[in-house]
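Working notes, structure below.
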Amino acid sequence: MRSRIFLVLIAWLALLVGEVSPACANDLTRSVTTGKLVVHYGVVPAGRAATAGGSSGEASNNVNLYRLTVALFDRSNGKRIENAHVVAVVQGPRSEASSFHSKSTGIQLDLTRDGNAVTYGNVFDARWKGVYHIDLTITRNGLALPEHVRLNYDQQF
Numbered sequence: 175m176r177s178r179i180f181l182v183l184i185a186w187l188a189l190l191v192g193e194v195s196p197a198c199a200n201d202l203t204r205s206v207t208t209g210k211l212v213v214h215y216g217v218v219p220a221g222r223a224a225t226a227g228g229s230s231g232e233a234s235n236n237v238n239l240y241r242l243t244v245a246l247f248d249r250s251n252g253k254r255i256e257n258a259h260v261v262a263v264v265q266g267p268r269s270e271a272s273s274f275h276s277k278s279t280g281i282q283l284d285l286t287r288d289g290n291a292v293t294y295g296n297v298f299d300a301r302w303k304g305v306y307h308i309d310l311t312i313t314r315n316g317l318a319l320p321e322h323v324r325l326n327y328d329q330q331f
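Numbering follows our numbering, with no gaps: position 137 of the sequence shown is 311.
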């Protein structure tokens with residue numbers, strides 16, 4: 175009897191671990207796929223971000239600034255996109271006192287080349303705890319219409 179209970183508990187634990195593990199892995203993925211693009215992104219404190227041109231004094235001293243870095247890939251062939259114009263509109267979290275988001279801020283993401291890798295990035299103010307909505311407008315050479323991608327970044331302290 176005791177061995178049956180033990181086996182049932184082991185089976186239940188195995189099922190629980192199997193259900194929880196993929197959910198955690200998916201939550202950590204910073205990737206968005208659209209019809210034509212695959213966008214990988216990361217957000218780190220600007221003072222810790224290593225940039226090709228070096229970190230500016232303002233970015234390294236201001237603890238509220240975070241660096242958004244985006245890598246763009248063509249979904250059809252998997253190649254990295256190297257000739258795009260990327261603009262981000264960052265909308266901060268909702269205020270606890272009201273249902274309104276903080277004022278949106280538009281920033282152009284600068285192209286950075288590190289060897290063969292091309293990324294786009296810039297800093298933004300993320301001083302409040304909560305979910306930041308980042309709307310990217312990506313204009314590629316040779317395409318008439320820009321592509322729009324929404325990224326969500328959950329700022330936790």
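Here a beta-carbon is modelled for each residue, glycine too, at the ideal position from N, C-alpha and C.
Asp309 to Pro320, Cα distance in whole Å? Along the sequence shown, one-based indexing puts residue 309 at 135. Along the sequence shown, one-based indexing puts residue 320 at 146. Approximately 12 Å, taken between the alpha carbons.
Would Thr313 and Ala245 be called neighbours here (beta carbons separated by less than 8 Å)? One-based indexing of the sequence shown puts residue 313 at position 139. One-based indexing of the sequence shown puts residue 245 at position 71. Contact flag unset, no.
Distance CB(Val264)-CB(Tyr306) smaller than 8 Å: Taking the first residue of the sequence shown as position 1, residue 264 is located at position 90. Taking the first residue of the sequence shown as position 1, residue 306 is located at position 132. Contact flag set, yes.
Report all residues from its chain with a CB closer than 6 Å to the CB of Ala302; omit the five preceding and five following residues, and keep chain order. For the purposes of this step, residue 302 is identified with residue 128 of the sequence shown, where counting begins at 1. The identity of residue 302 in the sequence shown is Trp, whereas the question assumes Ala. Excluding positions up to five away in sequence, the list reads Gly266, Pro267.
C-beta contact flag for Leu211 and Arg249 at 8 Å: One-based indexing of the sequence shown puts residue 211 at position 37. One-based indexing of the sequence shown puts residue 249 at position 75. Against a cut-off of 8 Å, the Cβ pair of Arg249 and Leu211 comes out as a contact.
Secondary structure of Gly304, DSSP reduced to three states: Taking the first residue of the sequence shown as 1, we reach residue 304 at position 130. DSSP places Gly304 in strand when its eight states are reduced to three.
How about Ala300: is its Cβ closer than 7 Å to a heavy atom in the ligand MG? You won't find the ligand MG in this model; it holds no ligand whatsoever.
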